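Enquirer:
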Amino acid sequence: MSATTAATQVRAAGSPAVKRLIGGTVRPATVLGAFPTALYLRLPGREVIALLGRDAIRLPCGLVLPTTSTEFPLSRLVGQALVGASTVRVGDWNVRLSHLVTPYAPTGLSPDHQAVEHAWRRLLTVECADLGPELVGALLRDYQRPRVAASLVDRLLGVGPGLTPAGDDVLAGLLVGARSFGLDADPLAGQVLGAAPHRTTDLSAALLRCACRGEATSELRALVSALAGSTAHRGQLDDALAALRRVGHTSGEAMATGATAAAAVALAHAGRGPA
0 MSATTAATQV
10 RAAGSPAVKR
20 LIGGTVRPAT
30 VLGAFPTALY
40 LRLPGREVIA
50 LLGRDAIRLP
60 CGLVLPTTST
70 EFPLSRLVGQ
80 ALVGASTVRV
90 GDWNVRLSHL
100 VTPYAPTGLS
110 PDHQAVEHAW
120 RRLLTVECAD
130 LGPELVGALL
140 RDYQRPRVAA
150 SLVDRLLGVG
160 PGLTPAGDDV
170 LAGLLVGARS
180 FGLDADPLAG
190 QVLGAAPHRT
200 TDLSAALLRC
210 ACRGEATSEL
220 RALVSALAGS
230 TAHRGQLDDA
240 LAALRRVGHT
250 SGEAMATGAT
260 AAAAVALAHA
270 GRGPA
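So the sequence shown is numbered by numbering that gives the first Met the number 0: it starts at 0 and just counts up by one.
1) Would you call the stretch 105-121 and the stretch 74-84 in contact, with 3 or more CB pairs under 8 Å?
2) Please classify residue 164 as buried or exposed, where buried requires at least 16 other C-beta atoms within 10 Å of its C-beta.
3) Could you check where the beta strand (DSSP E) with residue 147 kicks off and where it finishes?
4) To the nearest angstrom, how far is the alpha carbon of residue 124 from that of residue 247?
5) Cβ atoms of residue 89 and residue 11: under 8 Å apart, would you say?
6) What span of residues does the alpha helix (DSSP H) with residue 198 cover, start to end?
7) Using alpha carbons as the reference points, say which of 40, 44, 70 and 185 lies closest to residue 53.
8) Would DSSP call residue 83 helix, strand or coil?
9) To the nearest angstrom, how far is the alpha carbon of residue 210 from that of residue 223?
10) What is the DSSP secondary structure of residue 9, reduced to helix, strand or coil?
11) Does the stretch 110-119 come close enough to the stretch 29-38 that 3 or more CB-CB pairs lie under 8 Å?
12) Mark residue 186 as exposed unless 16 or more other C-beta atoms lie within 10 angstroms of its C-beta, in which case mark it buried.
13) Using the Cα positions of residue 44 and residue 212, report the straight-line distance between them to the nearest angstrom.
14) From the DSSP output, read off the bridge partner residues of residue 95.
15) Would you report the Cα separation of residue 111 and residue 92, rounded to the nearest angstrom?
16) State buried or exposed for residue 270, treating a residue as buried only when at least 16 other CB atoms are found within 10 Å of its CB.
17) Could you work out which residue in 38, 205 and 161 is closest to residue 75 when comparing CA atoms only?
18) Please list, in chain order, all residues of the same chain as residue 233 whose beta carbon is under 7 Å from its beta carbon, the five residues on each side excluded.
19) Spatial neighbours of residue 99 within its chain, please: C-beta separation below 8 Å, excluding the five flanking residues on both sides.
20) Around the Cβ of residue 208, are there at least 16 other Cβ atoms within 10 angstroms (buried) or fewer (exposed)?
21) Considering Cα atoms alone, identify which of 176, 63, 103 and 221 is closest to residue 86.
22) Whose C-beta lies closer than 7 Å to the C-beta of residue 175 among residues of the same chain, with five residues either side of it excluded?
23) Helix or strand or just coil, what does DSSP make of residue 122?
24) Taking 6 Å as the limit between beta carbons, can you name the residues of its chain near residue 250, skipping five residues before and five after?
25) Can you list, in chain order, the residues of its chain whose CB lies under 8 Å from that of residue 115, leaving out five sequence neighbours each side?
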C-alpha cells in the first residue's frame with residue numbers, strides 16, 4: 000500500500016471497546032508516538048488507541064492492520080489525524096474497523112501450585128517496580144483491603160521510564176490475573192482508575208483501563224492460562240513466559256510478575272499456597 004495514494008482504504012480488526020472509542024462524530028486526534036509497528040493516537044478525553052502493524056504486539060486498545068512494518072512502516076504516516084464514524088484517518092489513510100476481536104483473558108481459572116512456583120523461579124527482579132516481599136505478603140494476607148490496594152498503587156503507578164512504566168505493567172498483570180483467577184479485582188481497579196489519569200502516561204492509563212476490564216495482549220492471556228496448567232504442561236508455561244518477557248524492554252517481565260503474584264494470592268486464599 001502507498002501512503003501517497005489518495006484516500007487509501009484500509010480494513011482493521013479491533014475490540015468492542017475500540018469500536019466505541021472511534022464511533023460518533025468525527026473529531027481530531029493527537030499523535031502521541033509513531034514507530035514502524037505502531038502509531039499511538041490520543042483522543043479527546045485522553046483516551047488512547049493505536050494503529051498496529053500485523054507484526055506488532057496486539058495491544059487491547061489497538062486496531063490491527065493487514066500490513067507489516069516491513070511492508071509499510073507506520074512511522075511514515077503523516078498529516079492530520081481524525082477519528083469518528085468507526086474510522087481513523089491519518090494523512091491519506093482511512094482505517095475502518097471491519098472485524099471485531101475479543102481481547103479478554105480467560106476467567107474461572109484455578110492456578111496450579113507447582114506452575115506458580117516454577118514461574119516465580121523463572122522471573123527476574125523487575126527494574127523500577129517495587130513489588131518486593133513485603134508488598135506481596137500484604138497481598139497474600141488481605142488483598143481485598145482498600146489500604147492494600149492504595150499501597151500498591153502508590154508504590155507502583157507511574158514508576159519507571161517510557162510510555163508504559165514497569166510499575167504500571169505490574170499492576171496490569173495483577174488486574175488481569177486477579178480476574179482470571181477469581182479474585183475480587185474491584186478495590187485495586189478503583190484505585191487505579193482514580194489515580195492513573197494524574198500519575199502516569201496517557202497510553203499507560205489507557206492500557207490500565209483495558210486491564211481493569213480484563214483485556215490483555217495474547218501473550219499475557221497465554222501466561223494466565225499456562226499458570227493454571229498441570230506439571231505435564233511445563234513446556235507450555237516456559238514458552239508463555241518467554242513470549243511475554245520478549246514484550247518491550249521491561250513490560251513483559253513486569254506483566255508476568257503481576258499475573259504470577261495474582262496466581263499466588265489465589266492459591267493462598269484457596270488454602271493451596273503460602274499464607
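All residues carry an ideal CB built from backbone N, CA and C; glycine is no exception. Keep in mind it's a predicted model, so treat the numbers as computed, not measured.
Expert: Looking at the coordinates:
1) no
2) buried
3) Counting along the chain, residue 147 falls outside any beta strand (DSSP E), though it belongs to the alpha helix (DSSP H) covering 145-155.
4) Below a pLDDT of 50, predicted positions are generally treated as unreliable, and residue 124, at 48, falls in that range; the measurement from the model is reported next regardless. Between residue 124 and residue 247, the C-alpha separation is close to 16 Å.
5) no
6) 185-198
7) 70
8) strand
9) 13 Å
10) strand
11) no
12) buried
13) 18 Å
14) 10 and 86
15) 47 Å
16) exposed
17) 38
18) 117
19) 12, 13, 14, 15 and 18
20) buried
21) 63
22) 104, 210, 213, 215, 219, 223 and 258
23) coil
24) 163 and 168
25) 226, 259, 262, 263, 266 and 272
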